[in-house]
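A.B. asks: Going by the numbering used here, the letters in the sequence shown line up with residues 1 to 398, in that order. We put the CB at the ideal spot given by N, CA and C, even for glycine. None of the values given here were measured: they were computed from a predicted structure.
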Amino acid sequence: MNSPSTGPASQHEPEVRSAIAATRTSKLFEPVQLGSLAVKNRIVMPAMTRTLSPLGIPGTDSAAYYARRAKGGVGLIIAEGTWIPHDAAANEDDAPRMYGPQALKGWAEVVRQVHAEDTPIFSQLWHVGQMKQHMVEGLYAERPADYVPPRRVGPSGLFGGISQPLTHDGTAATQADLDSIVESYAKAAINAQQTGFDGVELHAAHGYLLDQFFWPGTNKRTDSYGGPMRNRIRLATEAVAEIRRATGPDLPISLRLSQWKVQDFKAKLFESPGDLEQFVAPLVDAGVTVFHCSQRRFWETEFGSDRNLAAWVQNISGRPAISVGSVAQTGEHIDTLMGQASGVSGIDRLLTMMDRGDFAMIAVGRGLLVDPEWPEKVREGRLDQLRVWNPDVLKSLI
Ligand SMILES: Cc1cc2nc3c(=O)[nH]c(=O)nc-3n(C[C@H](O)[C@H](O)[C@H](O)COP(=O)(O)O)c2cc1C
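1) Give me the Cα-Cα distance between R68 and P372, rounded to the nearest whole angstrom.
2) Can you look up F298 in the DSSP assignment and give me helix, strand or coil?
3) Run the CB neighbour count on A116, radius 10 Å, all protein chains shown included, and call it buried at 16 or more, exposed below.
4) Since T171 sits in a beta bridge, which residues does DSSP pair it with?
5) Regarding R366 and ligand 1, is the C-beta to nearest heavy atom distance less than 7 Å?
6) Run the proximity test for R97: is its beta-carbon closer than 7 Å to any non-hydrogen atom belonging to ligand 1?
7) Within the present structure, is the beta-carbon of P150 separated from the nearest heavy atom of ligand 1 by less than 7 Å?
8) Which of the three DSSP states, helix, strand or coil, is assigned to R24?
9) Can you give me the Cβ contacts of M229 inside the same chain, cut-off strictly under 7 Å, excluding the 5 residues immediately before and after it?
10) What number of angstroms, rounded off, separates the C-alpha of Y66 from the C-alpha of E238?
11) For ligand 1, is there a heavy atom less than 7 Å away from the beta-carbon of G154?
12) Under the assumption that V114 contacts S62 (Cβ atoms under 8 Å), give the Cβ distance between them as a whole number of angstroms.
13) Near D177, what residues of its chain come up, given a Cβ to Cβ distance below 7 Å and the 5 sequence neighbours on each side ignored?
14) I want to know whether the segment 185-197 touches the segment 245-253 - three or more CB-CB distances under 8 Å.
15) Between L368 and the rest of its own chain, which residues show a CB-CB distance below 6 Å, the 5 nearest in sequence each way excluded?
16) With H469 as the anchor, note down where its beta strand (DSSP E) starts and where it stops.
17) With a CB to CB cut of under 7 Å and the five nearest residues on each side skipped, what residues in its chain are close to Q263?
18) Using 10 angstroms around the beta-carbon of I84, count the other beta-carbons present and answer buried if the total reaches 16, otherwise exposed.
19) Could you tell me whether the segment 284-298 touches the segment 310-318, using the rule of 3 or more Cβ pairs below 8 Å?
20) Could you tell me the alpha carbon to alpha carbon distance between V393 and V370, rounded to whole angstroms?
21) Please classify H12 as buried or exposed, where buried requires at least 16 neighbouring CB atoms within 10 angstroms.
22) Output the distance between the C-alpha atoms of Q175 and D223, rounded to the nearest integer angstrom.
23) Let me know the alpha helix (DSSP H) ranges lying completely inside the segment 309-396, each 4 residues or longer, listed in chain order.
24) Can you determine whether any heavy atom of ligand 1 sits closer than 7 Å to the C-beta of G72, and answer yes or no?
25) For L397, count neighbouring C-beta atoms within 10 Å of its own C-beta (all shown protein chains included) and say buried if the count is 16 or more, exposed if not.
26) Alpha carbon to alpha carbon, how far is P58 from P96?
27) Can you tell me whether R256 is buried or exposed? The criterion is at least 16 other CB atoms within 10 Å of its CB, across all chains shown.
28) Leaving out five residues before and five after N41 in sequence, what residues of the same chain have Cβ atoms less than 6 Å from its Cβ?
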């Protein structure tokens, strides 16, 4: 590394210095405990849908892809969103399933290769509810003309956001639907546990099924699943409790939540710490081990304070929280997926927040897609060697 007095400074010089400081002082590379699971450092690969598992079956390319990130030093992998065994769960054929012998065989190989690198891996359990298809152009295959979408269910048959008008697509879930959805979450969790996964994450963020129940805009029910917060989180709470009952006391259960939705970046699920308290307390009682608080930019703060969503959730819940959002990239992830360029960003702000104990772990999404060695390079202070975002990495499981 060049010092300012001995040669031309690299464009990442200040970041390189802070990364070296990080290896000595920051919490990034300290071990952390998630319930019964010891994790070697605080860097998470978050779930990232790739739709590269033909007909829902992860192949050997998936196993190698995840193993590369494990080898690169990430502390915990949360594998991409994976369909639970419910007829209305999926909206993409080539995103992976957590059921059926072939898919589970594929996952077993993923787990085997990741564990060979001494790294734990969770499965993210996913039901899209009324989200018909992904809203990110170009990332997903064109539908054939004769495509018949699966039935869509949600809280009230409504879909949309504040900045996008609500539409009447799909149907309101019956009690039988809700019971079978809860059962499907538990089946998927058992399948994940029996396949060797170290934990599961419920995808309850970004405007998908569980978030459609959380949000009063799309949940107009008048039964015990609608109305006050305790009712709107009932489906998620029942799913967590059933997973806990089915998998036993120790399997770490993460719940991913967000203020924002893919269909509405401005939506706010929580207007106050009180709202958050009503949300997290029943979920902790049901068995959540860790909360994964999804933000588009991790440094954006909540409720007029200098703390972000993960800091608030960790403080209120007493459970470890994972933060995320543009750690390694200067651009935000949806913009990047829509084709905007993104540069390598520094980590000073992150280290400040981690050093003061705001959240237990930090997830790095696109940084790990483009650079599987992101953790090792940061640990060794080689930030000048971090790879710049390249959209081509989305085309295959490299
Ligand atoms: C290609 C891609 C696919 C994604 N798929 C999922 C997903 O399946 N589940 C999920 O919770 N988040 C998903 N996300 C969001 C990421 O987990 C993460 O929150 C986001 O990329 C922000 O982190 P970053 O700025 O470090 O990339 C996806 C992001 C990308 C880039």
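C.D. replies: Quick look at the numbers:
1) Start at 1 with the first residue of the sequence shown, and residue 68 comes out as number 68. Start at 1 with the first residue of the sequence shown, and residue 372 comes out as number 372. Cα to Cα, the separation comes out at about 6 Å.
2) On the sequence shown, position 298 is the one that residue 298 refers to. In the three-state reduction of the DSSP assignment, F298 falls in the coil class.
3) Counting from 1 along the sequence shown, the entry for residue 116 is found at position 116. Around the beta carbon of A116, fewer than 16 other beta carbons sit within 10 angstroms, so the residue counts as exposed.
4) The count along the sequence shown starts at 1 and reaches residue 171 at position 171. Per DSSP, V153.
5) Your numbering for residue 366 matches position 366 in the sequence shown. Checking every heavy atom of ligand 1 against the Cβ of R366, one is found closer than 7 Å.
6) The count along the sequence shown starts at 1 and reaches residue 97 at position 97. Not a single heavy atom of ligand 1 lies less than 7 Å from the C-beta of R97.
7) Mapped onto the sequence shown, residue 150 falls at position 150. With a cutoff of 7 Å, P150 does not count as near ligand 1, since its C-beta is closer than that to no heavy atom of the ligand.
8) For the purposes of this step, residue 24 is taken as the residue at position 24 of the sequence shown. Note on R24: pLDDT 47, under 50, position unreliable in the model; the coordinate value appears next. Reduced to three states, the DSSP call for R24 is helix.
9) Taking the first residue of the sequence shown as 1, we reach residue 229 at position 229. Contacts found: D275, Q278, F279.
10) Translated into positions along the sequence shown, residue 66 becomes position 66. Translated into positions along the sequence shown, residue 238 becomes position 238. Straight-line Cα distance between these residues: approximately 31 Å.
11) What you label residue 154 is simply residue 154 of the sequence shown in a count that begins at 1. It does not: the Cβ of G154 is nowhere closer than 7 Å to a heavy atom of ligand 1.
12) Start at 1 with the first residue of the sequence shown, and residue 114 comes out as number 114. Start at 1 with the first residue of the sequence shown, and residue 62 comes out as number 62. The pair is not a contact, with the Cβ atoms about 10 Å apart (cut-off 8 Å).
13) Here residue 177 corresponds to residue number 177 of the sequence shown, with the count starting at 1. Shown here for D177: same chain residues with a beta carbon closer than 7 Å to its own, the five before and five after excluded, namely V153 in chain order.
14) Contact between the segment 185-197 and the segment 245-253 is present, because at least three Cβ pairs lie under 8 Å.
15) Here residue 368 refers to the residue found at position 368 when the sequence shown is read from its first residue. Only M45, R69, W374 meet the Cβ criterion.
16) The structure shown has nothing for residue 469, since the chain only spans 1 to 398.
17) Counting from 1 along the sequence shown, the entry for residue 263 is found at position 263. Here the set comprises M135, G160, G161, Q164, G207.
18) Taking the first residue of the sequence shown as position 1, residue 84 is located at position 84. With 16 or more other Cβ atoms within 10 Å, it is buried.
19) In short, these stretches touch, since the Cβ pair count reaches three.
20) Position 393 of the sequence shown, counted from the start, is the residue given in the question as residue 393. Position 370 of the sequence shown, counted from the start, is the residue given in the question as residue 370. Distance between V393 and V370, taken at the CA atoms: about 6 Å.
21) Numbered from 1 along the sequence shown, position 12 holds the residue referred to as residue 12. Note that H12 scores 43 on pLDDT, short of 50, meaning its location in the model is unreliable; the coordinates nonetheless yield the value given after this. Per the 10 Å Cβ criterion, buried.
22) What you label residue 175 is simply residue 175 of the sequence shown in a count that begins at 1. What you label residue 223 is simply residue 223 of the sequence shown in a count that begins at 1. If you take the alpha carbons of Q175 and D223, they lie about 10 Å apart.
23) You should have 309-317, 333-337, 348-355, 366-370, 374-379.
24) Looking up residue 72 in the sequence shown gives position 72. Incorrect: G72 has no Cβ contact closer than 7 Å to ligand 1.
25) Numbered from 1 along the sequence shown, position 397 holds the residue referred to as residue 397. Taking every protein chain shown into account, the CB of L397 has 16 or more other CB atoms within 10 angstroms, so this residue is buried.
26) Position 58 of the sequence shown holds residue 58. Position 96 of the sequence shown holds residue 96. Those two C-alpha atoms are separated by around 6 Å.
27) For the purposes of this step, residue 256 is taken as the residue at position 256 of the sequence shown. Burial call: buried.
28) One-based indexing of the sequence shown puts residue 41 at position 41. Contacts found: F29, G75.
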